[in-house]
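Chemist: The sequence shown maps to residues 111 to 1080 in the numbering used here.
A virtual CB, placed ideally from N, CA and C, is assigned to each residue, including glycine.
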Amino acid sequence: PYFIAWTTTPWTLPSNVALCVGPKIDYVAIETYNLYNGEPMTLIMAESRINAYLKADQECKEGDLLPFDKEKKQCPWRIVDRMKGTELEGLHYEQLMPWVKPCEKVDLFAPAFVTEYAAAHKDKVFTSEDGRDQFVEMESEAFRVILGDYVTTEDGTGIVHIAPTFGADDAKVAKDANIPALYLINKKGETRPMVDLQGKFYLIDELDNNFVAACVDKEAYAHHAGDYVKNAYDPKFNVDGVWDKKASEKAEDLNIVLCYELKQEGKAFKSEKHVHNYPHCWRTDKPILYYPLDSWFIKDTARKERMVELNKTINWQPESTGTGRFGNWLENLNDWNLSRSRFWGTPLPIWRDENRGEKCIGSLEELYAEIEKSVAAGIMKSNPLKDKGFVVGDYSQENYDKIDLHRPYVDNIVLVNDEGKPMYRESDLIDVWFDSGSMPYAQIHYPFEGEMARGTEADRDALIHSKYEGYAIPPKNYPADFINEGVDQTRGWFFTLHAIATMVFDSVAFKNVISSGLVLDAKGNKMSKHVGNVTNPFEMIDKYGADPVRFYMMTNSEPWDNLKFDPNGVDETRRKFFGTLYNTYSFFALYANVDGFDPKAAQVPAEKRPEIDRWILSSLNSLIKGVDKELAGYDPTRAGRLIDAFVNDDLSNWYVRLNRKRFWGKEMSEDKLSAYQTLYTCLMTVAKLLAPFAPFYADQLYHDLGGELESVHLDKFPVADEAAIDHDLEERMAIAQKITSMVLALRRKVNIKVRQPLQQIMIPAVDATQKAHIEAVAGLLKNEVNVKEVNFIEGQGILVKKVKCNFRVMGKKFGKLMKGVAAQMSALDQDQIAAFEKAGNITLNVDGQEAVVDVADVEIISEDIPGWLVSNDGNLTVALEVELTPELKKEGMARELINRIQNLRKETGLEITDRIKVTVAPHEETNAAIEAFGDYIKGQVLADSIEIGENAGVETEFDDFKLNILVEKI
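1) Quick one, which of Asp174, Ile189, Arg192, Ser250 has its alpha-carbon nearest glutamate 204's?
2) Give, in chain order, every unbroken run of the alpha helix (DSSP H) that is at least 4 residues long and sits entirely within the segment 308 to 379.
3) Between the alpha carbons of phenylalanine 500 and asparagine 509, how many angstroms are there, rounded?
4) Going by CA-CA distance only, name the one from Ser158, Leu515, Gly309 that's closest to proline 459.
5) Given tryptophan 764, which residues of its chain have a CB within under 7 angstroms of its CB, disregarding the five upstream and five downstream residues?
6) Quick one, which of Asp240, Asp136, Leu927, Pro397 has its alpha-carbon nearest isoleucine 189's?
7) With H, G and I counted as helix, E and B as strand and the rest as coil, what does DSSP make of phenylalanine 1068?
8) Give a yes or no on whether the C-beta atoms belonging to asparagine 365 and proline 186 are separated by under 8 angstroms.
9) Could you check whether the Cβ of lysine 1079 sits closer than 8 angstroms to any Cβ belonging to chain C?
10) Considering only C-alpha positions, which residue in the set Ala229, Val680, Leu206, Pro208 is nearest to lysine 215?
11) Here's the rule I'm using: 16 or more other beta-carbon atoms within 10 Å means buried, otherwise exposed. How should threonine 606 be labelled?
12) Counting pairs of beta carbons, one from the segment 121 to 130 and one from the segment 278 to 295, are three or more of them closer than 8 angstroms?
13) Measure the alpha-carbon distance for alanine 166 versus arginine 159 and round it to whole angstroms.
14) With 16 as the cutoff for other CB atoms within 10 Å, does tyrosine 578 come out buried or exposed?
15) State the Cα-Cα distance for the pair serine 451 and aspartate 541, rounded to the nearest angstrom.
16) Note down, in chain order, each residue of its chain lying with its Cβ closer than 7 angstroms to the Cβ of threonine 612, except the 5 sequence neighbours on either side.
17) Over what stretch of residues does the alpha helix (DSSP H) that includes valine 895 continue unbroken?
18) Aspartate 233 to alanine 324, Cα distance in whole Å?
19) Ends of the beta strand (DSSP E) at glutamine 244?
20) On the premise that isoleucine 256 lies in contact with valine 224, defined as a C-beta separation below 8 angstroms, what is that separation, rounded to the nearest angstrom?
21) Between the beta-carbon of tyrosine 786 and the beta-carbon of phenylalanine 688, is there less than 8 angstroms?
22) Out of Ala712, Leu990, Arg517, point me to the one whose CA is closest to glutamate 780's CA.
23) Name the DSSP beta bridge partners of serine 625, please?
24) Return the CA-CA distance between lysine 1079 and isoleucine 1026, expressed in angstroms with no decimal places.
25) What residues are listed by DSSP as bridge partners for proline 532?
26) Run the CB neighbour count on serine 576, radius 10 Å, all protein chains shown included, and call it buried at 16 or more, exposed below.
27) Just list the alpha helix (DSSP H) runs in the segment 178 to 224, keeping only unbroken ones of 4 residues or longer that don't cross its boundaries, in chain order.
28) From Val367, Ala342, Gly921, pick the residue whose C-alpha is nearest to that of lysine 355; which is it?
29) Tell me whether valine 704 sits in a helix, a strand or coil according to DSSP, three-state version.
30) With respect to the beta strand (DSSP E) encompassing cysteine 130, which residues constitute its N-terminal and C-terminal limits?
31) Let me check understanding here. Comparing Cα to Cα, which of Cys213, Val270, Asp217, Val597 lies closest to alanine 252?
32) By the three-class DSSP mapping on this structure, what secondary structure does serine 576 have?
33) For glycine 634 and leucine 673, I'd like the C-alpha separation in whole angstroms.
34) Since histidine 837 is in the alpha helix (DSSP H), which residue starts that stretch and which ends it?
35) Starting from valine 542, trace the alpha helix (DSSP H) both ways and give me its first and last residue.
36) Pull up the distance between the alpha-carbon of glycine 434 and that of glycine 602, whole angstroms please.
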């Protein structure tokens, strides 16, 4: 029988050494025919994958197997046996492409199964050309079926081809099963995969002759020696460093050639084009080749448990990154591959002799001394450090500029072992992430120089230790209080900092960390120059300013969430937040400069300030507490949003708008002074709170307000005055703001302007406290929403409410009980709904089980009634009477007239105090308004008279008509 395995990389088949099956998967033996030559064959594959390769209507369930008919594309088949994956384990198969036999190096580092095999099969042991290393040919131990839990039947045949030299998973599963890898041995006696670092099969002349004699079928191998496994690697498709992608993809590649050869040899069952995911270099867009290399490792798995333990002491934002992504990484930790085969970077400070004796150099002082030994032994002619005048212990820049310890200079340093034999530096470099993880120590040249580098026992005692033995004394001010980097640093900087700190100091490297998300485009796609969706940050800063960009990014999403960066959002932040704050300051500065306001003047006592001042100061101090709390919790997004809401909702849209007239008076009364002092305090405090979020704007605002210090960043961060916080007052005003917002929304719904008075709003208060709060702000509400009355309904009165379930929320919460819960909630009467609103929840009995429904789980809807509009927000319900009586219409028109006349005053350049006379062209609606509210209109526009008559004034537009209005200065 034949095993059939599926692969999308046929070029790896010459390196195959095993087949992997799933232990619990059902496999079958099938009698059928080779699809290419029609020869009878028996194949083994997963039963659930039959229909992917054989047609169901061609199965022979009874009798003999029907003949193969290539012209009609009929390939009959039948199942002749069934087995579990475990029954296939250990079966041997013939090598698919017998170019090279597997072999392993026999040395101190070899796995036990290799040394045992070599001892038992000495006839298969051979020595490399240079006589330094021994190897053993292990063909008989390879080409076996092994088990792997990761094998699936989602695609392929349920049998996985294993090539350990070209895949980490393959290497692991083969190693666990004692399967030798298929390596070549080069002229240096080094084991290498069949493909070199240029992406081509090694030439035979590049291989060890003894290895070739023992393990290579020269005729079979030579046919493809020097061939590139991917056209992208072939120099003929790369001209002057530029890859001709179209030409390389159009040309026939090695995969196609190998498939053709396998068909010719009767070793291919089915070959077809298949679109699949394959890793590519993000810079060159070329396919990546996974490649095994000899490397130096840090055995951090030996400290894995301690790393996990210490990680639990770190304050992660968000917590899920520490417990999830980073925690999972630590739980599944592998040893750290420290070395890199590159030219630029930090050299690996390890020298080895021919017998693998090692010296790891830990300082320049030690290196200097070792070179002196080498010179004395006649290995080196002179000490290059001494030749350049380098002085050990002199840490000046001038001294260090004399030497360069990078490649190639460091490679010229040859040390000497105890036997007088030369020791050469390992050619590899150190992983750049080790450099990054060493940052806390490198920045202060730990442990060699400076006050910061020389820690004490007390510094070590301050750390979290399980034991001190073997651990170094840390530098001063260690560990760091806070770090921040992208969430992609989970396996990078975060890990290397943590790993080094744990292994060297038995400590964390940082106490608090924010792992920031990625900046995506406005549609949520990753920014890429290749795609063309990159937003240039410098263009954004030039166009909108650094602070609007910064504040937008900080308040748009939590730092650890991905940010969909939308330039329109930056512009909106600039206008709505910074524009609003600037306008608020400009309003203050305009009148403060006119009145000569002195912020250092004696403060009006809190008890003498009006309630509106005490409210905004209470809100300001609550803001200070909130911002301080969120920043202490490493959540700048919530802190920034609190500042935004205060500036827009409380300060500008509420306090300043309600108090404009207080700044207009001629005399500096106590009330006016209180208004100035209150607004000044708010603006100065906002400048200080805003400093970490918008450093440039905050500094400018601070100076414009007369800040005492050179910069806002040198001033103290605000501290809340608990005595100034009045929660009851804030709650009352919050209700007033909410009701105002609800009523104005209802007005917009029926297109009734705020200038048009309405008769009343009615509110069914849920309890005495809510009623008392609303009564306290009733006067304010009447002015803000322009109604005559604020009335209360006993019970629900004329209002009819119903409950609408949020199935998305409640479905998760109640599961199978959802239908029963929804039915009972829909059946609640008005009294039950009122009680539900008041209590905040209701307990139901559904099919004998208790179900607690919260107000947040549902939407409570009030039905509109004739002449009224109703709005709900949480436990607050407001009904607005929208029916307009003739008297209300007249008053509304009077306010419209006032608005038009005031606009004409501005347009004609009149001073605020100029008296005028007004003539309005006749019209039924304006005539009635003037007759009923003439005195009111005159008082508002500073008119001595207002007359009805034809005039040569300015044509002025109203909703449904136009007329002339003449404004004349007296």
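Modeler: Concretely, from the data shown:
1) Taking the sequence shown and counting its residues from 1, one reaches residue 204 at position 94. Considering only alpha carbons, the answer is Ser250.
2) Within the segment 308 to 379, the alpha helix (DSSP H) runs of at least 4 residues that lie entirely inside it are, in chain order, 319 to 325, 328 to 332, 355 to 360, 364 to 374.
3) If you number the sequence shown from 1, residue 500 lands on position 390. If you number the sequence shown from 1, residue 509 lands on position 399. Approximately 6 angstroms between the Cα atoms of the pair.
4) For this step, residue 459 is matched to residue 349 along the sequence shown. Among Ser158, Leu515, Gly309, the Cα nearest to that of proline 459 belongs to Leu515.
5) Here the question's residue 764 lines up with position 654 in the sequence shown. Closer than 7 angstroms at the Cβ level, and outside the excluded window around tryptophan 764, lie Gln847.
6) Taking the first residue of the sequence shown as 1, we reach residue 189 at position 79. Of Asp240, Asp136, Leu927, Pro397, the residue nearest in Cα terms is Asp136.
7) Taking the first residue of the sequence shown as position 1, residue 1068 is located at position 958. For phenylalanine 1068, the secondary structure class from DSSP, reduced to helix, strand or coil, is coil.
8) Start at 1 with the first residue of the sequence shown, and residue 365 comes out as number 255. Start at 1 with the first residue of the sequence shown, and residue 186 comes out as number 76. No; because the gap between Cβ atoms is not below 8 angstroms, this pair is not in contact.
9) Considering every chain present, this structure includes no chain C. It has just one protein chain.
10) Residue numbering aside, residue 215 sits at position 105 when the sequence shown is read from its first letter. Nearest C-alpha to lysine 215: Ala229.
11) For the purposes of this step, residue 606 is identified with residue 496 of the sequence shown, where counting begins at 1. Under the 10 Å beta carbon count, threonine 606 is surrounded by 16 or more other beta carbons and is classified as buried.
12) Yes, since at least three Cβ pairs between the segment 121 to 130 and the segment 278 to 295 fall closer than 8 angstroms, the two stretches touch.
13) Taking the sequence shown and counting its residues from 1, one reaches residue 166 at position 56. Taking the sequence shown and counting its residues from 1, one reaches residue 159 at position 49. So the alpha carbons of these two residues sit roughly 11 angstroms apart.
14) What you label residue 578 is simply residue 468 of the sequence shown in a count that begins at 1. Only weak support is given to the placement of tyrosine 578: the predicted model assigns it a pLDDT of 48, under 50, and the value that follows is read from those uncertain coordinates. Within 10 angstroms of the beta-carbon of tyrosine 578 lie fewer than 16 other beta-carbons, which makes it exposed.
15) Stepping through the sequence shown from its first residue, residue 451 is reached at position 341. Stepping through the sequence shown from its first residue, residue 541 is reached at position 431. If you take the alpha carbons of serine 451 and aspartate 541, they lie about 10 angstroms apart.
16) Translated into the one-based positions of the sequence shown, residue 612 becomes position 502. For threonine 612, where only same-chain residues beyond five positions count, the Cβ hits under 7 angstroms are Arg413, Arg416, Met417, Leu420.
17) Looking up residue 895 in the sequence shown gives position 785. Run containing valine 895: 888 to 895, per the alpha helix (DSSP H) assignment.
18) For this step, residue 233 is matched to residue 123 along the sequence shown. For this step, residue 324 is matched to residue 214 along the sequence shown. Between the alpha carbons of aspartate 233 and alanine 324 lies a gap of roughly 11 angstroms.
19) Working through the sequence shown from its first residue, we reach residue 244 at position 134. From DSSP, the beta strand (DSSP E) with glutamine 244 extends over 244 to 247.
20) As a working note, residue 224 is residue 114 in the sequence shown. As a working note, residue 256 is residue 146 in the sequence shown. Not confirmed; about 17 angstroms, so no contact.
21) The residue you call residue 786 lines up with position 676 of the sequence shown. The residue you call residue 688 lines up with position 578 of the sequence shown. For the pair tyrosine 786 and phenylalanine 688, the CB atoms are not nearer than the 8 angstroms cut-off.
22) The residue labelled residue 780 in the question sits at position 670 within the sequence shown. Measuring from the Cα of glutamate 780, the nearest candidate turns out to be Ala712.
23) Mapped onto the sequence shown, residue 625 falls at position 515. Answer is Glu595, bridged to serine 625.
24) Within the sequence shown, residue 1079 is the residue found at index 969, counting from 1. Within the sequence shown, residue 1026 is the residue found at index 916, counting from 1. Between lysine 1079 and isoleucine 1026, the C-alpha separation is close to 4 angstroms.
25) Numbered from 1 along the sequence shown, position 422 holds the residue referred to as residue 532. The partner list for proline 532 (beta bridge, DSSP) reads Val526.
26) Against the sequence shown, residue 576 aligns to sequence position 466. Low confidence applies here, because serine 576 scores a pLDDT of 47, under 50, leaving its location unreliable and the question unanswered by this model.
27) For the segment 178 to 224, the continuous alpha helix (DSSP H) assignments of 4+ residues that do not extend past its boundaries occur at 195 to 198, in sequence order.
28) Here residue 355 refers to the residue found at position 245 of the sequence shown. Distance check between lysine 355 and each of Val367, Ala342, Gly921 places Ala342 closest, using alpha-carbon atoms only.
29) Residue numbering aside, residue 704 sits at position 594 when the sequence shown is read from its first letter. Correct three-state label for valine 704: helix.
30) Counted from its first residue, the sequence shown places residue 130 at position 20. Run containing cysteine 130: 128 to 131, per the beta strand (DSSP E) assignment.
31) Residue 252 sits at position 142 when you count from the first residue of the sequence shown. Of Cys213, Val270, Asp217, Val597, the residue nearest in Cα terms is Cys213.
32) Translated into positions along the sequence shown, residue 576 becomes position 466. With a pLDDT of 47 at serine 576, under the threshold of 50, the modelled position of this residue cannot be trusted, and the question is left open.
33) Taking the first residue of the sequence shown as 1, we reach residue 634 at position 524. Taking the first residue of the sequence shown as 1, we reach residue 673 at position 563. Straight-line Cα distance between these residues: approximately 8 angstroms.
34) Within the sequence shown, numbered from 1, the residue matching residue 837 stands at position 727. From DSSP, the alpha helix (DSSP H) with histidine 837 extends over 837 to 859.
35) Taking the first residue of the sequence shown as position 1, residue 542 is located at position 432. Valine 542 -> alpha helix (DSSP H) spans 542 to 547.
36) To locate residue 434, count along the sequence shown from 1; it is residue 324. To locate residue 602, count along the sequence shown from 1; it is residue 492. Computed Cα separation, rounded: 16 angstroms.
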